[in-house]
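Numbering (the working numbering), first residue to last: 668 to 1014. As structure tokens, the structure follows; a few thoughts come after it.
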């Protein structure tokens, strides 16, 4: 018995690396010394542009969105999701992405499917001046089923130490600016999949309800906010804190980016929760608290700023075709009106 008989096709793996090479190398900046093919990717750190350079790293996956995306052939889109989930995390520190690595694990290498995934990853990186430096594709028969794959991503960025954004400057009455999400993004899909299982005509019902294709709306890739944030920082707009709204929604993610003696006070009438979320809530009979703590509800990213920068930020977002608005403000935790951040006290 040889290795191929056991389920691992080394030759197919070599062919796959050759097929993805063009997409991968298309993302390379001048700082890449050596990319795929070697044992390690080599990247020249542009330290001349920084006084005290700090590397910022992040790792994430796409979660159970993969299950649904694979069944509907949204392979390119989950590649973008993978980049977004990692990159949106590291830019909250003010970092500029440098390079990205991916890990793909599958029961059987389907070159056509996984080429689309890598093309999606390359697209996400290339649009944000981030080099796809390398990765690993593991064929694991018996561990994963033949038609399934899992993804993990790793992103490294750089920022000057004196320009780190860490929330320490957040103060009372600072404004919270919301940047619109592209939909559900990559969180809450275990609940979404359960709702779909319990409503076998859900796609037709949604299309009748909204005149939109259910799966096209549901599986839109996660928005990457790097370029719009990078422009703000390059124009010397002071951002005191940033939050990537992922699992846990606004209630869990927004308080993470500020000192513990402050709390975000959100005006929920400042935006209309998108139709898809309201539809999922109705079809799944989701309690209000779980609704807020599971989904982004149309808010993909938040900034905390002094009010003097509001107009400039809204203008830059408009230039990038990203809807943005003032969603709330920062208050002290001991404010007599607020004791905790939960949906039932939002006004």
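Ideal placement from N, C-alpha and C gives every residue a C-beta, glycine not left out. Computed from a predicted structure; not experimentally measured.
- Looking at 710, 917 and 988, the one whose alpha-carbon comes closest to that of residue 956 is 917.
- For the pair of segments examined, the segment 871-888 was found not to touch the segment 973-980: the number of CB pairs separated by less than 8 Å stays below three.
- A direct Cα-Cα distance of roughly 33 Å separates residue 723 from residue 777.
- In this structure, 739 is the residue among 739, 695 and 707 with its C-alpha nearest to the C-alpha of residue 860.
- One alpha carbon belongs to residue 742, the other to residue 715, and they sit about 38 Å apart.
- Put simply, of 864, 843, 921 and 750 the residue whose alpha carbon is nearest the alpha carbon of residue 950 is 864.
- Straight-line spacing of the CA atoms in residue 800 and residue 898 works out to 24 Å.
- Contact check for residue 729 against residue 853 passes: the beta carbons are separated by less than 8 Å.
- With respect to the 8 Å criterion, residue 802 and residue 769 are classified as neighbours on the basis of their beta carbons.
- Looking at the DSSP output, residue 772 bridges to 805 and 817.
- In the DSSP assignment, the residues bridged to residue 847 are 966.
- Nearest C-alpha to residue 966 among 878, 991 and 958: 991.
- If you look at residue 932, you'll find it in the beta strand (DSSP E) that goes 929-933.
- Put simply, the backbone Cα of residue 693 is about 39 Å away from that of residue 959.
- No residue range can be given for residue 716, since it is assigned to no alpha helix (DSSP H) and is classified by DSSP as neither H nor E.
- Counting of Cβ neighbours within 10 angstroms places residue 954 among the exposed residues, the total staying below 16.
- Looking at 836, 835, 842 and 774, the one whose alpha-carbon comes closest to that of residue 809 is 774.
- If you compare the alpha carbons of 845, 948, 927 and 683 with that of residue 838, the shortest gap goes to 927.
- Going by DSSP, residue 791 is part of the alpha helix (DSSP H) stretching over 778-793.
- Of the candidates 806, 912 and 705, 806 places its Cα closest to the Cα of residue 677.
- Under the rule that a run must span 4 or more residues, the alpha helix (DSSP H) segments found entirely inside the segment 866-951 read 869-877, 881-885, 893-901, 916-920 and 942-951.
- Of the residues assessed, residue 744 falls on the buried side of the cut-off, its CB having 16 or more other CB atoms within 10 angstroms.
- Between the beta-carbon of residue 825 and that of residue 717 there is about 7 Å, and that keeps the pair under the 8 Å contact cut.
- The alpha carbon of residue 902 has as its nearest neighbour, out of 764, 979, 793 and 867, the alpha carbon of 979.
- Spatial neighbours of residue 989 in its own chain (CB-CB distance under 7 Å, excluding positions within 5 residues in sequence) are listed in chain order as 846, 847 and 895.
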